[in-house]
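Heads up: the sequence lines are chains S and C, in that order.
The working numbering numbers the first residue of the first sequence as 2 and each following residue consecutively.
The working numbering numbers the first residue of the second sequence as 2 and each following residue consecutively.
Using N, Cα and C, we set each Cβ at its ideal position, and we do this for glycine too.
The structure presented is a predicted model; accordingly, all values stated were derived computationally and were not measured.
First up is the structure itself, then whatever we jot down about it.
Number of protein chains: 2
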Amino acid sequence: MSIHTFLGRFLSKYLGRPSLNTRIFSRLQPLDLSWKQKAKSTFSEPNQIHSVDEKGNRPMNNLNKYTNRTYTCGELGKENVGELVSIMGWLEYQRMDKFLVLRDAYGETQLIISDEDTSTKELLKTLPLESIMEVRGTVSLRPKNMVNENQSTGEIEVKVENLIVVNKVLDELPFNIRSFQKAKESLRMRYRYLDLRFSQMQRNLRVRSELLMKMREFLINNHFIDVETPTLFKATPGGAQEFIVPTRFPGQFYSLVQSPQQFKQMLMAGAIDRYFQIARCYRDEGTRPDRQPEFTQLDIELSFTSVEDILNLIEDLFQYCWPKFSNPIPYKFQRMSYAHAIENYGCDKPDIRFDHKIRNCTHLLKSNETVSTDHEFGAYYISFPKEYAISSRRLKESMSSLSKSFSRLKFVQSIINSREEWVKIMGSLLTVPTAERILDDNELENGSVLFLAYGNKGEVLQLLGKIRLEYVNFLENSGIFVRKKGMHFLWIVDFPMFEMSETTKCLQSAHHPFTAPNINDVTFLQTDPLKVRALAYDLILNGQEVGGGSIRIHDPSLQKIVLDVLKIDSKTVQHILNMLGSGCPPHGGIALGLDRLLHILMNTNSIRDVIAFPKNFEGRDPVSGAPSSISDRDKKLYHIKVVDSDMDI
Amino acid sequence: MSIHTFLGRFLSKYLGRPSLNTRIFSRLQPLDLSWKQKAKSTFSEPNQIHSVDEKGNRPMNNLNKYTNRTYTCGELGKENVGELVSIMGWLEYQRMDKFLVLRDAYGETQLIISDEDTSTKELLKTLPLESIMEVRGTVSLRPKNMVNENQSTGEIEVKVENLIVVNKVLDELPFNIRSFQKAKESLRMRYRYLDLRFSQMQRNLRVRSELLMKMREFLINNHFIDVETPTLFKATPGGAQEFIVPTRFPGQFYSLVQSPQQFKQMLMAGAIDRYFQIARCYRDEGTRPDRQPEFTQLDIELSFTSVEDILNLIEDLFQYCWPKFSNPIPYKFQRMSYAHAIENYGCDKPDIRFDHKIRNCTHLLKSNETVSTDHEFGAYYISFPKEYAISSRRLKESMSSLSKSFSRLKFVQSIINSREEWVKIMGSLLTVPTAERILDDNELENGSVLFLAYGNKGEVLQLLGKIRLEYVNFLENSGIFVRKKGMHFLWIVDFPMFEMSETTKCLQSAHHPFTAPNINDVTFLQTDPLKVRALAYDLILNGQEVGGGSIRIHDPSLQKIVLDVLKIDSKTVQHILNMLGSGCPPHGGIALGLDRLLHILMNTNSIRDVIAFPKNFEGRDPVSGAPSSISDRDKKLYHIKVVDSDMDI
């Protein structure tokens, strides 16, 4: 009894099913590859299935090295006609049990079954799409009227001499691999191994791999050293959003690092003076859309450097690694101070793909208001010309609803139909002279739309910044307006060193406690800390933050002063103070968020489309269902008990 | 009042200390770099400080790009004499406040302070070694009798024109950066940022970075795609040694992956048919020396492949990436079956750098023994010739103590002084004819040392395998014996599919449950599973395992059979079964343990010397003291309570 026969019986008995593909083990047997020798007589090296492309193109043969195929499904052409080939892939399509399309990651190839080959025709009758096949056959030209110019293999077809079903699809698949039938995202994520077969997902992951490699190449060429730093580290005191990991020591936990910040500074003290790492980082933000509990950043740090040097480094890096298929990017990126960004765009990551900045009219309204002492008063507006003035109730409501979260502000939105009408309506609110002056000072035309807000200056700018984006989104979705195309990088510099926490009303670091102050502002560290600018910078791409960094404090005395300003007990970072006092060079660095960068580069709907196995918006793994319960043995090993969060601990 | 003066007062007041280095902020000020232009007039690009090496060597200038220095401390030579340069680094040495040595990661440069420069001389009087300095000065030739040929910069010195103390060492350092005064490992690890300054640690990390990059290059050139897979995943049911991570969902935990196994198989089903990743993996093995809770592996998987292909791939990879400073390695690695390794070396990772194999003499002793039914009987010995026969009590005791953990075996160790004496002594144990036959059959000379064991065959081989290594370690430490030099790679193939767990007495996977069986042995899957060989392979280097992998099961029916043999509930890996049934190509892969590989390559005392920030043998981070306690807020957030492990849960 042959193994195959045995196995057929064995499996059908075992699974209680009458029929099963008896060829399932065929790929496990050593293939007789002597026919490959016939197919090409120029083989020299044992592993080199076919020789370098005669046309001098990048040879594709490496793609088939270490496999049982001679070609991918994307590479056969006229020049292969007459050749005996072996190709493998997924059954994408079949018609009349005669014409098949075999697909792999690299393309599709059309197969023809000869009319005499009844056994293969019989096999195909019950073979589901997406089954894995191995095909041997001879390449032949397609009839002229069958040539498909949109297909890389559109001039040829393969006349099948031998077809093996290597792995049959068992049950009906939850969705087809047809781009015009895109499934819902939740289903795509649950069956990610199917979703990855779509060419767009293939492309996203392949571009990701290529971009990361180019980044490494640039940095290695510039003598940066790739150092892997731990992810199991000490819980930061008071550090929020850190996952914890129980250990076999009762009551003692690692935390998963949010970034390699402390380690990279220690590398600088350790004379690894040019460091990089494509680092996995962890942040528990609960359920926030478009955030992932684990994410990847390109982490860079170097010694004896300056803000200018680091900005240059990153510009050179992008120049080197930016893919050719995307829009070209400039050698130097635009720069903007934090203060300018807030004053003109109402946020620290301005979208500069369109103008329509926020305008200051504080001088016109100041006299109208009883100025409060607990905040700086400001009056600002943003306007759009006649052609962008939309009378849409939905739009108006959406703007009003934005303003509602700033309840202490006065907010006006209006289309200026005529000067007279506007002054009449607005006069009651602003006084007639002020309403007139706003029109006069700002050269507002009839037909313009105007959003005006006044009150707490910070909040006014924040509101108008949101309105600017929301209004343009609406215009763009309505087809009335188009943002500038391309990739618009922007540096934001001169960030404040500290900010007032809205929840605790205490000072906190705008970047992190190891960021160096601007030397010109050091005198304000204790007298007026909110005035101190940091040597920190963010990189913005098309209105989204894709990176940020700073020059770090290298002097332990200054570090202690900053910790004291922040009311952080310096004992909790004593190892950092010791490190700074042990001979630590001045240093600085940056981290680029690669997931978001790729999301913008590939213009995907969400960050999840550039990640192979993303978590969903709840932080769950849709494939395996993680997180899940654990065994009592584990609970015992790690000395923990699960409790209701409302209970006392 | 200048900032510096202010700051001096401010800091001294703040810290209550009378004097502090007032120059600590000097590096934060923009440097006047116009003098750089004078130093070299050929600057063309703004970032290119000096042009390509005239000698045609690899240009070093990239090392100084994006920094404030013009040269490293390792690159100045005769050709720079007369040049005004800027170098930065650690004060390594000083004599008479006049001769200094400045060190950075790339070398040392000698500095000379002019006798007139009394202020710098004064400064140096109290400056501790390892402080960071920035020096500007002119390169000049050393007097002939002062040339140091062992130093890359030994022909020159820099006459100091300006010296700034950038960061002064504050307290006495726990150890000096002097290679002849190596500190204890616990101290080195606690102050890792000091330890990294040693040239050996610098070299280890730099070679690591280079080797990993070469591996990536090879794989990318062969069209493998670098895909990052999640580390937060589902707890494997019954999976031991997995760290768990509590989430905001009460009672639900992620686990940290032990390897990307499931993800890489899903990539194969998803048509990412050539995958690699330098992956962080996690394993909680409690306190085991030379193991790390997190470690790095080069993870590879490809579709439509075979054992032969994967072995070729790895051989080609090593050929490409192996550093030139190490011993060359062969194009093809030796191969050995698991059975052969066990029979001849008593273990599955034989050290083939010396011979002295284990010999079978079962046929001579079998008749002597009442053969037990619960195991296979075996009698084996290992011998060393006269020149390696050591009469050492300590050695003899150490061998005896090894044998004590195999209490059911009979074990004999003896030097054969003369045939007569040996037969006399052994005759009582083995019977005289058997004792004689052992000598005759095995051509043992007078003066040889012999270790003989019999009983349970598996245990006999295990014991003699340990004795083989231990004895040779002793010989080598005594200077009597030397193992073959160089790097000896070895493939172990034909592993068993299953093994009997010693603790549970149940079948378990020798590799993992997704490993494919050898087609020739499939018939034994249910009848005699221990007889089934797997398509699994390990890579051994100098007697240590540095990698392992297998061809995986691609057929869902076969996977279910294997799960049933292992008594694993297939529901727990239903997503894998679904994936295999969705059109999954045949595939296989391998993972290489990079920490151990580098440890062997760099010939370090421990695996910790090739890791930037290793945990100690207890799994603690010596720098920060992690793991540590967490806040009540965190416990509440993650719904856990710390309990005494003896309590009921």
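For this session: Select from the region 159-185 of chain S all residues with a C-beta closer than 7 Å to any C-beta belonging to chain C, and list them in chain order.
Result: Within the region 159-185 of chain S, the residues whose Cβ lies closer than 7 Å to any Cβ of chain C are, in chain order, Val-167, Asn-168, Val-170, Leu-171, Asp-172, Leu-174.
Problem set entry | Interface partners of C/Pro-628 on chain S, CB under 7 Å | Neighbours of C/Pro-628 in chain S, taken as residues whose beta carbon is under 7 Å from its own, are Thr-248, Phe-250, Gln-253, Phe-254, Tyr-255 in chain order.
Exercise. Hey, out of C/Lys-66, C/Arg-207, C/Ala-280, C/Trp-91, whose CA is closest to S/Gly-584's CA?
Worked result: The option with the nearest alpha carbon to S/Gly-584 is C/Trp-91.
Problem set entry | Closest by C-alpha distance to C/Ala-236, when choosing among C/Asp-227, C/Lys-122, C/Val-246 | Nearest neighbour of C/Ala-236 by Cα position, chosen from C/Asp-227, C/Lys-122, C/Val-246, turns out to be C/Val-246.
Exercise. Among the residues of its own chain, which have a CB less than 8 Å from the CB of S/Phe-254, if the five just before and after it don't count?
Worked result: Taken in chain order, the residues that qualify are Ala-236, Ile-245, Val-246, Pro-247, Thr-248.
Exercise. With 8 Å set as the bound, which would you pick, yes or no: does the beta-carbon of C/Pro-324 sit closer than that to a beta-carbon of chain S?
Worked result: Not one chain S Cβ lies under 8 Å of C/Pro-324.
Exercise. At a Cβ cut of 9 Å, what residues of the region 610-635 of chain S count as close to chain C, listed as they run along the chain?
Worked result: Interface annotation for the region 610-635 of chain S against chain C: Ile-612, Ala-613, Phe-614, Pro-615, Lys-616, Glu-619, Gly-620, Arg-621, Asp-622, Val-624, Ser-625, Gly-626, Ala-627, Pro-628, Ser-629, Ser-630, Ile-631, Ser-632, Asp-633, Arg-634, Asp-635, criterion Cβ-Cβ distance under 9 Å.
Exercise. What do you get for C/Asp-495, buried or exposed, if any count of 16 or more other CB atoms within 10 angstroms of its CB means buried?
Worked result: So C/Asp-495 counts as buried.
Exercise. Can you list, in chain order, the residues of the region 217-248 of chain S whose Cβ is nearer than 7 Å to any Cβ on chain C?
Worked result: For the region 217-248 of chain S, residues whose beta-carbon sits nearer than 7 Å to a beta-carbon of chain C comprise Arg-217, Ile-221, Asn-222, Asn-223, His-224, Ile-226, Asp-227, Val-228, Glu-229, Thr-230, Pro-231, Thr-232, Leu-233, Phe-234, Lys-235, Ala-236, Phe-244, Ile-245, Val-246, Pro-247, Thr-248.
For this session: Give the range of the beta strand (DSSP E) segment to which S/Ala-436 is assigned.
Result: Segment 433-442 is the alpha helix (DSSP H) holding S/Ala-436; no beta strand (DSSP E) there.
Problem set entry | Between the CA atoms of C/Thr-516 and C/Leu-536 - distance to the nearest angstrom | Straight-line Cα distance between these residues: approximately 7 Å.
Problem set entry | Where the region 505-516 of chain S meets chain C: residues whose CB sits under 8 Å from a CB there | Answer in chain order: no residues at all.
Problem set entry | Opposing strand residues paired with C/Lys-642 [DSSP bridges] | Answer is S/Lys-642.
For this session: Could you tell me whether the Cβ of S/Phe-319 comes closer than 8 Å to any Cβ of chain C?
Result: Not an interface residue.
Exercise. Can you find a heavy atom of the ligand FAD that lies under 7 Å from the Cβ of C/Lys-642?
Worked result: Judged by which ligands are present, the structure shown has none, so any question about the ligand FAD falls away.
Problem set entry | Short Cβ contact (8 Å threshold) for S/Lys-99 with S/Ile-114 | Closer than 8 Å, so yes.
Problem set entry | chain C residues whose Cβ lies nearer than 7 Å to that of S/Arg-281 | For S/Arg-281, the chain C residues whose C-beta falls within less than 7 Å of its own C-beta are Thr-232, Arg-281, listed in chain order.
Exercise. Given that S/Lys-66 touches chain C, what residues does it touch there, using C-beta distances under 7 Å?
Worked result: Around S/Lys-66, the beta-carbon contacts reaching into chain C at under 7 Å are Asn-223.
Problem set entry | Whole-angstrom distance between C/Glu-186 and S/Ala-270, CA atom to CA atom | Here the alpha carbon of S/Ala-270 sits roughly 19 Å from the alpha carbon of C/Glu-186.
For this session: For chain S, find out if any of its Cβ atoms is closer than 8 Å to the Cβ of C/Phe-264; answer yes or no.
Result: Yes, C/Phe-264 lies at the interface with chain S (some Cβ there is under 8 Å from its Cβ).
Exercise. With which residues is S/Val-136 paired in a DSSP beta bridge?
Worked result: Beta bridge pairing from DSSP links S/Val-136 with S/Ile-88, S/Leu-164.
Exercise. Using the beta-carbon of each residue, which ones in chain S are nearer than 9 Å to C/Glu-131?
Worked result: Among the residues of chain S, those whose CB is under 9 Å from the CB of C/Glu-131 are Ser-583, Gly-584, following chain order.
Exercise. Using 8 Å as the threshold, is the region 343-355 of chain S in touch with the region 420-431 of chain S, meaning 3 or more CB pairs across them?
Worked result: Touching, no, given that fewer than three Cβ pairs across the two stretches are closer than 8 Å.
Exercise. In three-state terms, what does DSSP make of S/Leu-314?
Worked result: S/Leu-314: helix per DSSP, three-state reduction.
Exercise. Of the residues S/Asp-645, S/Val-643, S/Ile-631, S/Gly-620, which one's Cα is nearest the Cα of S/Arg-292?
Worked result: Comparing Cα-Cα distances from S/Arg-292 to each of S/Asp-645, S/Val-643, S/Ile-631, S/Gly-620, the minimum goes to S/Gly-620.
For this session: Report yes if the C-beta distance between S/Cys-322 and S/Leu-212 is below 8 Å; otherwise report no.
Result: In this structure, S/Leu-212 lies closer than 8 Å to S/Cys-322 by Cβ.
Exercise. Name the chain S residues that come within less than 7 Å of C/Tyr-194, Cβ to Cβ?
Worked result: Contact of C/Tyr-194 with chain S by beta-carbon distance below 7 Å involves Met-267, Ala-270, Gly-271, Met-580, Ser-583.
Exercise. What did DSSP end up calling C/Lys-485 once you bin it into helix, strand or coil?
Worked result: The answer is coil: DSSP assigns C/Lys-485 none of H, G, I, E or B.
Exercise. Closest to C/Arg-289 by CA distance: which of C/Leu-638, C/Lys-616, C/Lys-215 is it?
Worked result: It is C/Lys-616 whose Cα lies nearest to the Cα of C/Arg-289.
Problem set entry | First through last residue of the beta strand (DSSP E) which encompasses C/Val-450 | Membership of C/Val-450 in the beta strand (DSSP E) is indicated by the continuous run 450-457.
Problem set entry | Beta-carbon separation (whole angstroms), S/Ala-454 vs S/Leu-410, contact threshold 8 Å | 5 Å between Cβ atoms; contact.
Exercise. Under a Cβ-count criterion, where at least 16 other Cβ atoms within 10 Å of its own Cβ denotes burial, should S/Ala-106 be classed as buried or exposed?
Worked result: The residue in question, S/Ala-106, is buried, as its Cβ has 16 or more Cβ neighbours within 10 Å.
Exercise. Just the Cα atoms here: how many angstroms apart are S/Pro-623 and S/Ile-391?
Worked result: Separation of S/Pro-623 and S/Ile-391 (C-alpha to C-alpha, rounded to the nearest whole angstrom) is 42 Å.
Exercise. Taking Cβ positions only, does S/Ile-391 come closer than 8 Å to chain C?
Worked result: Not closer than 8 Å to any Cβ of chain C, the Cβ of S/Ile-391 fails to qualify, so no.
Exercise. Roughly how far, in whole angstroms, is the beta-carbon of S/Glu-109 from the beta-carbon of S/Glu-93, given that I think they are within contact range, below 8 Å?
Worked result: Yes, S/Glu-109 and S/Glu-93 are in contact; Cβ-Cβ is about 6 Å, under 8 Å.
For this session: Note down, in chain order, every chain S residue with its Cβ under 8 Å from the Cβ of C/Tyr-72.
Result: Listed along chain S is no residue with a C-beta nearer than 8 Å to that of C/Tyr-72; the closest approach is about 12 Å.
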